[in-house]
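Here's the structure, in structure tokens; my notes come after.
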Amino acid sequence: MDIAKLYFQKLLKVYPIQGNNKFPYNSKLWNLDCEGVRIPTSAVTIGIPNSDLNIYVIAKNKPQDGDLANALVCAHNEQHLRPSFGRIQFNLGLVGINDDNESFENDVETTVHEIIHILGFSGFQMQLWIDPDTGKYYGQYGLHKITRDVIYRGLKTQIVFSKNILLTARKYYNCPTMEGMQLENEGGAGSLGSHWEQLIVQNEMMMSSEVITDAQLSVHTIALLDWLSKQMADNLYWGKGKGCSFVIQGCYSKQSFHEFPQQLKVQCSFENDGYGEPATTPYLDKCMMKSIYGENLCTSFKNNFKNKNVDIKLEAYGVNSKCFTSTSTNGVKFINDIQKRCHIYKCSSDMKSIIISLPQINRQIICTKQGEVMPINPKNDSFGKIVCPSSFVQFCDSVPLCINHCSSVGICVRGYCLCLPGWAGIDCSVRCNYVVQNGVCVNNCTGNLVISPDRSCQMICPNGYYRHGKICQQCDASCKRCNGESANDCTVCQFLTTLNKNGQCVPLYI
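In terms of our numbering, the sequence shown opens at residue 1 and continues consecutively.
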């Protein structure tokens, strides 16, 4: 929870509660019993100091239930009309059972997911969203202003169309007639209406099912909870720019989409983070997607030890690996080769070239043309070939994972670690109250190096930050990237804004 707290301190942009955070006991909507939690009297009479959101944590041990965790809001602050008390219940039979950094990061993502439910992403809390016309809750009888039921793909589907959500969805999908953003239309009460429809949103923090890869916080969720920092949005490509046919029909469209497999054979996943055979889930409206076998998740370092043919196939698993169409081998020929491999890669800063590394034979392949077939050794065909990605931008523009998954003492945000107090470094692995240079805790960075958000010494600041003396400072909230502190120093803008001649990010829509 401390790491999730660190994340939300960065994510939330709200006016703080003045004085202690008190539970509104006299409210007609809230009571002291909150689904397994009895709110203490002190929370009513005295309140919680230095708190804007107080979360009670309880646990069960029922792996047969199938849920990792569940959450609900317990009360809203009466002044700011936003969640102020909540509770999370973890299922200890399914959460925290593996003692490694990768599993810990997945559990942190589960915690973040549940807190976002408390913050307002739930079917119940839609009536408690604020109507901009009145400044008050929509209420049960005002929900028609932002949500309704439609029939898509033969299923009753709830759509939500508040201004921010609708503008974001229409631009993202390139569907100007889009009626609203779809909520999950399958599953039980815990899934329906409280998550994004998985058919049109994948690998997102607020999907119904667990994300096997890194869960991404998308512009859609930030649009739903408008007081989240837009600078925290991850890049998402599933369905992006694919038009209304993708949104309404998905895999049933006469138009073919790369998101949905056209053949029933082993393939790289849509985001190239692993490979496996096409499969469906309970939330895909019976469509299929390019799924990932657990042992063929390219980003999982553990898979170097689970796959016996790693060295023979010249594969390497880890946070810097992705899936390629490849027949790489150390000379051994495979019958019925699936022609998919996990390889270490590095993209150029302009995303116009990709270096693929094969450490077993100390060789690098440089891709400069999309879709080009590259021999691993032009003088010896027995080493096989690698096909360069069909879209360098999509392949390279994904948010990078963090080294060692921030060592279980930090959280990965857009490719860099936010470390708990007392830890620092690119993977938060060094006990340090100052900064880390070359793996050693020091008082200050030397030379021209600058202090990165992970408190390591670097040559440049990450995206979303600018250099101010010896420290990386966050850009103005209106900027996605910048070269200075003011709103006039933007170089790249947030999703629904555009850069004007004065270096300002201004709204696309008014």
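We put the beta carbon where it would ideally sit given N, CA and C, even for glycine.
Nearest C-alpha to Met207 among Gly188, Tyr283 and Ser229: Tyr283.
Here Ile338 carries a coil assignment [DSSP, helix/strand/coil].
For Thr446, no alpha helix (DSSP H) encloses it, and the DSSP letter there is neither H nor E. Each residue's CA atom was taken as its position, placing Asn272 and Pro389 some 9 Å apart. For Lys60, the enclosing beta strand (DSSP E) has its first and last residue at Asn54 to Lys60. Nearest C-alpha to Pro378 among Gln364, Gly371 and Gln370: Gln364. Per DSSP, Asn77 is one residue of the beta strand (DSSP E) stretching across Ala69 to Asn77. Taken atom to atom, the span from the alpha-carbon of Val373 to that of Leu225 is near 44 Å. Assignment of beta-bridge partners to Tyr416 by DSSP yields Val413. The shortest C-alpha to C-alpha distance from Pro63 to any of Asn91, Ala75, His76 and Arg38 is the one to Asn91. Beyond the five residues adjoining it in sequence on each side, Thr111 comes within less than 6 Å, by CB distance, of Ala4 in the same chain, given in chain order. By the criterion of a C-beta distance shorter than 6 Å, Leu128 is surrounded in its chain by Tyr137, once the five residues flanking it on both sides are discounted. Asp476 places its beta carbon 9 Å or farther from that of Tyr416. The stretch 199-219 makes no contact with the stretch 158-167: fewer than 3 CB pairs, one atom from each, lie closer than 8 Å. Residue pairing from DSSP leaves Gly294 without any beta-bridge partner. Taking the CA atoms as reference points, Cys323 sits about 45 Å from His76. Under the three-state reduction of DSSP, Glu114 is assigned to helix. With respect to the C-alpha of Val387, the residue from Leu192, Ile366, Gln394 and Gly139 having the closest C-alpha is Ile366. Here Ile361 really is in contact with Asn330; their C-beta atoms are around 7 Å apart, less than 8 Å. A direct Cα-to-Cα measurement between Gln267 and Thr325 gives close to 8 Å.
With at least 16 other beta carbons inside 10 angstroms of its own, Phe270 counts as buried. Taking the C-beta atoms as reference points, Tyr252 is found nearer than 9 Å to Cys287. In the three-state reduction of the DSSP assignment, Met351 falls in the coil class, being assigned neither a helical nor a strand state. Cβ neighbours of Asn463 within its own chain (closer than 6 Å, five residues either side excluded): Arg481. Inside the stretch 214-257, DSSP marks no whole beta strand (DSSP E) run of 3 or more residues. Relative to Gly19, the option among Ser456, Asn235, Ala59 and Pro49 whose CA is nearest is Pro49. The alpha-carbon of Ser194 is positioned some 21 Å away from that of Val57.
For Arg170, the enclosing alpha helix (DSSP H) starts and ends at Lys163 to Tyr173. For Lys5, there is no enclosing beta strand (DSSP E); the residue is found in the alpha helix (DSSP H) stretching over Asp2 to Leu11. Annotation for Asn91: the continuous beta strand (DSSP E) segment containing it runs Arg82 to Asn91.
Within the same chain, Thr327, Val373 and Pro375 come within 6 Å of Lys385 by CB-CB distance, once the 5 residues on both sides are set aside.
Annotation: the continuous alpha helix (DSSP H) that includes Cys396 extends over Phe392 to Cys396. Our two residues, Asn98 and Val108, have alpha carbons roughly 13 Å apart in a direct line. Between Tyr293 and Asn304 the beta-carbon gap is near 15 Å, outside 8 Å, which marks them as no contact. Taking 9 Å as the cut-off, the Cβ atoms of Asn433 and Gly422 count as close. The continuous alpha helix (DSSP H) containing Thr41 extends over residues Thr41 to Thr45.
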